[in-house]
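Taking the working numbering, the leading residue of the sequence shown gets 19, the next gets one more, and so forth.
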Amino acid sequence: MLTIGALGQRVGIDPAALDLHEIVEIRRLWARATTNSGATAPESSFPMRRTDTPFEHRASAAISEVTLRAIEAAQGSLLMLHACALADPSGATVVFVGPSGRGKTTAAATLGRSYGYVTDETTGITPDGRILPYEKPLLIRTAEGMPKRPFSPDELGLLPAPAPTRSRS
């Protein structure tokens, strides 16, 4: 079981049905968001299945599934914004809010080489102003007309999010 930290929740991806190459790849994609919770079980989990669908499409679907499960579990406890977030070394965080297709992932992929990558999708803010990192793989279109494909934050050279991250008062 691969346990992902997402918006303060633990979501499990069960890769048992994948081949060894796919297991290595899904672990690489999620390396930044994997938790070391040991015996603590995830609040929810789902299996990744081996199908005729290309792995990149299944990996993209898994990213969406983790995000949706985390959002559902965090409802009522966080202010959640459809936004990317980047932080300076002190943890002060800037949040870019916008609808799908307006450049949040592009901003995170570009600015994340100079500022810590917090997330490119959903920014969760606690009542005391902490911003919860969700360093998920980024879905990027590499050619016009082609589907987006997943990239790990490390693969894109993004800096890690400092701990703790916070909003400015």
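The beta carbon of each residue, even a glycine, is placed where N, CA and C say it ideally should be.
Reference residue i, options the options, closest by Cα
i    : options               : result
D146 : G116, A125, N54, S185 : S185
R68  : L156, T111, L36       : L36
L156 : L176, F114, M98       : L176
S95  : K154, L174, L150      : L150
Proximal residues to residue i (C-beta, below 8 Å), its chain only, five neighbours per side dropped
i    : result
G116 : H100, A101, K122
Cβ separation of residue i and residue j, assumed to be a contact under 8 Å, to the nearest whole Å
i    : j    : result
D32  : P72  : About 20 Å; that fails the 8 Å criterion.
A89  : T140 : Reading the sequence as shown, one finds Ile at residue 89 and not Ala. At roughly 6 Å, the Cβ-Cβ gap stays under 8 Å, so I89 and T140 are in contact.
S62  : R87  : 5 Å
T111 : V136 : 6 Å
P171 : A77  : Actually they are not in contact, since the Cβ atoms of P171 and A77 sit about 14 Å apart, beyond 8 Å.
R148 : P182 : 6 Å
Other residues of its chain near residue i: CB distance less than 7 Å, five sequence neighbours each side excluded
i    : result
T2   : Nothing can be reported for residue 2: it is not among the residues displayed for the chain, which extend from 19 to 187.
H39  : none
D106 : Y133
F190 : Outside the displayed range of the chain (19 to 187) lies residue 190, so it cannot be described from this structure.
K166 : S78, L157, I158, R159
Nonlocal neighbours in the same chain, by C-beta distance under 6 Å from residue i, ignoring five residues either side
i   : result
V84 : I22, A24, V29
R50 : E153, P171
A91 : Q27, E61
Exposed unless 16 or more other CB atoms sit within 10 angstroms - verdict on residue i
i   : result
L97 : exposed
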